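Before any comments, here is the structure.
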Amino acid sequence: MNAQPDVEKRLFPATGRGKHPPLVRIVALSVLGLVAICLGLWMLVFKESGLFAGTTPNLTATALAANDIACKKLVEQAMSETDKFCKDIGTNQLCYGNFSVDAELAEGTSEKFSQRGDVIDVDILRRLSAAPLDLVRQAWGIAVFKVTANLPRSLPGQTITLLVFG
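Now the structure itself:
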């Protein structure tokens, strides 16, 4: 009968019978604290991104509808302007369709690609990026490529039209 208390004293020397050593409690509390912090940060990220119901920006239904109308109007205008400026581009060419598109051209190139309607050959293009839809600035970057494509079940030399949207 005396063997039981001796074993407990050796296993738990500072704390006595049935209690966990302080180090185990500290580690357990630290792990629980870190888990709580991580969960809190994830909840904050989800809340700010609007993924939880009822956490969308404080806009009324009228304001949301007005944003939808403004967005639709800007998209239609941007597509119309792009069609007007880029309707007649040739094969293997790129057209600056709508504000704002940024292009890096090959070194030594004298051609410009900085305003709507500018057309360049695709072989002098190094990099292209189009600005995202911006309702405040009334801008949406769009570029139009017309390139020869080697696609399955298509005729050789057939061209395709690609639109780049920001």
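So for the sequence shown, this note's numbering puts the first residue at 1360; every next one is plus one.
All C-beta atoms in this analysis are idealised placements derived from N, C-alpha and C, irrespective of residue type, glycine included.
All values reported here derive from a predicted model rather than from experimental measurement.
Item: From Pro1381 to Leu1393, what does the alpha carbon distance come to, in whole angstroms?; Value: 18 Å
Item: Based on DSSP bridge pairs, tell me the residues matched to Phe1504.; Value: Leu1453 and Leu1521
Item: With distances taken from CA atoms, which of Ser1513, Leu1510, Pro1511 and Lys1505 is nearest Asp1442?; Value: Lys1505
Item: If I'm right that Ala1395 touches Leu1453 with Cβ under 8 Å, what's the distance once you round it to whole angstroms?; Value: Incorrect: roughly 53 Å between the Cβ atoms, too far for contact.
Item: Please list the terminal residues of the continuous beta strand (DSSP E) segment that includes Asp1480.; Value: Val1478 to Asp1480
Item: Where does Arg1384 fall in DSSP's three states?; Value: helix
Item: State the CB to CB distance for the pair Asn1451 and Asp1477, rounded to an integer number of angstroms; the pair is presumed to be in contact (CB under 8 Å).; Value: No, Asn1451 and Asp1477 are not in contact; Cβ-Cβ is about 16 Å, not under 8 Å.
Item: Tell me which same chain residues have a C-beta within less than 8 Å of the C-beta of Cys1430, skipping the five on either side of it?; Value: Leu1492 and Leu1494
Item: Once the 5 residues before and after Gly1500 are set aside, which same chain residues still bring their CB inside 6 Å of it?; Value: Ser1459, Val1460, Ala1489, Ala1490 and Gly1525
Item: On the DSSP letters alone, give me the boundaries of the beta strand (DSSP E) that Glu1463 sits inside.; Value: Val1460 to Leu1464
Item: Is the Cβ-Cβ distance between Ala1508 and Leu1484 less than 8 Å?; Value: no
Item: From Gly1516 to Gly1449, what does the alpha carbon distance come to, in whole angstroms?; Value: 13 Å
Item: Short of 7 Å in beta carbon distance, which residues of its chain neighbour Ala1465, apart from the five on each side in sequence? Order them along the chain.; Value: Ile1483 and Arg1485
Item: Are there 16 or more other CB atoms within 10 angstroms of the CB of Phe1405, so buried, or fewer, so exposed?; Value: exposed
Item: Please classify Gly1399 as buried or exposed, where buried requires at least 16 neighbouring CB atoms within 10 angstroms.; Value: exposed
Item: Consult DSSP for Ser1488 and reduce its assignment to one of helix, strand or coil.; Value: strand
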